[in-house]
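Asker: Below are the structure tokens for one structure; questions will follow.
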Amino acid sequence: MSGSDKFKNKQILVVGATGGLGCSIARHLKSEGASLILSGRNEAKLNALSQELGADSLSVDLSDSAGRAQLADTIGTVDGVVYAAGVAPVAPVRYLKDADVEVCLNVNTTGPLLLIRDLLKKKKLNAGASMVWLSSVASARGAAGYAAYAASKAGLEASARCLALELAPKRMRVNCIAPGMIETEMAASAAERISGEALAAHLKAYPLGAGQPADVAAAASFLLSDASRWVTGVTLPVDGGFSIQ
Ligand SMILES: NC(=O)c1ccc[n+]([C@@H]2O[C@H](COP(=O)([O-])OP(=O)(O)OC[C@H]3O[C@@H](n4cnc5c(N)ncnc54)[C@H](OP(=O)(O)O)[C@@H]3O)[C@@H](O)[C@H]2O)c1
């Protein structure tokens, strides 16, 4: 099968398509023949990407249930969902704001779980659909300042394992990708909040060097495709060897 036929006749929803990883994943899936529905908040970015990729799009805020419900109502049926929306309120615990923690849990953890619920209830997931959620290496390792973010990602992975079992009889699959630090806006803004030395030390901890969005996109493509049809409920580290140390 040529690369451009891999997702022929497959509809894939990419949530967070306006972000560094979501955008790269969308472009990669398009190059492999997928029809895309893109979602994000920034309308200018979303419109530009939709035009570039010939995709449908919907701008929604996923920090509350209204945006999620609107997304599930509006789209047609899909064969795959990539959830790449996320926020990272990185701060020492004494400076963490209630509102930031709440949004973090809503967007990173509750959002993907309840979006799947809404899509199932509205019969928007085709048989054999594959869900891919963006977690993080932070879910399994302590890092000062990351308490809220790490909790949101550990919860996401726990949800994915349970949903994977629940949806297996429908031949639907749910998997997570746990990237290490990849060069995107999120990584840049997290880096701004830690010292230069801490960042340099962190980057040295990647045996294969720094990661790129394309590395995550290739993993998402695998987990969405039939090549991974016997893989469900796992978290795939895409981290240049960071987490095996
Ligand atoms: N980059 C990394 O190093 C890294 C490492 C590990 C895990 N991850 C995870 O990978 C995912 C993507 O990260 P990224 O680097 O691509 O981040 P990013 O560039 O900051 O993009 C974040 C995405 O989330 C969307 N988003 C944020 N808040 C939202 C809300 N309330 N409603 C709807 N959409 C919202 C953004 O939409 P708008 O821009 O349109 O507002 C954007 O599309 C995240 O879950 C992140 O935790 C990233």
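Taking the working numbering, I'd label the letters of the sequence shown as residues -10 to 234. Just so you know, even glycine gets a beta-carbon here, dropped at the ideal spot from N, CA and C. Being a predicted model, the structure only gives us computed values, none of them experimental.
#1: Out of curiosity, what's the CA-to-CA distance linking glycine 144 and threonine 98?
#2: In angstroms, rounded to a whole number, what distance separates the CA positions of glycine 29 and isoleucine 233?
#3: Please report the straight-line C-alpha distance between serine 54 and glycine 100, rounded to a whole angstrom.
#4: Using only the alpha-carbon positions, how far apart do valine 163 and isoleucine 105 sit?
#5: Let's test the definition: count the other Cβ atoms within 10 Å of the Cβ of cysteine 151 and tell me whether it reaches 16, buried, or not, exposed.
#6: Go through its chain and collect everything with a Cβ distance to glutamate 81's Cβ below 8 Å, but skip five positions before and after it.
#7: Exposed or buried, which one is lysine -3 when buried takes at least 16 other CB atoms within 10 Å?
#8: What does a CB cutoff of less than 7 Å around valine 79 pick up in its chain, not counting 5 residues either side in sequence?
#9: Less than 6 Å between C-beta atoms, sequence neighbours within five positions excluded: which residues of the same chain meet that for isoleucine 26?
#10: Whether or not the region 222 to 233 and the region 115 to 127 are in contact is what I'm after, with contact meaning three or more pairs of Cβ atoms, one per stretch, closer than 8 Å; do they touch?
#11: At 3 residues or longer, what runs of the beta strand (DSSP E) sit wholly inside the region 210 to 234?
#12: Please classify methionine 120: does DSSP put it in a helix, a strand, or coil?
#13: Using a threshold of 7 Å, is the CB atom of serine 52 nearer than that to any non-hydrogen atom of ligand 3?
#14: What's the C-alpha gap between proline 158 and alanine 190?
#15: Exposed or buried, what is glutamine 0 when buried is set at 16 or more other beta-carbons lying within 10 Å of its beta-carbon?
Answerer: Concretely, from the data shown:
#1: 6 Å
#2: 33 Å
#3: 8 Å
#4: 10 Å
#5: exposed
#6: Before going on, a small fix: residue 81 reads as proline here, not glutamate. Closer than 8 Å at the Cβ level, and outside the excluded window around proline 81, lie Ala133, Gly134.
#7: exposed
#8: Gly134, Tyr135, Tyr138, Ala179, Arg182
#9: Leu2, Asp45, Ile64
#10: yes
#11: 224 to 227
#12: strand
#13: Among the ligands modelled here, namely ligand 1, ligand 3 does not occur.
#14: 45 Å
#15: buried
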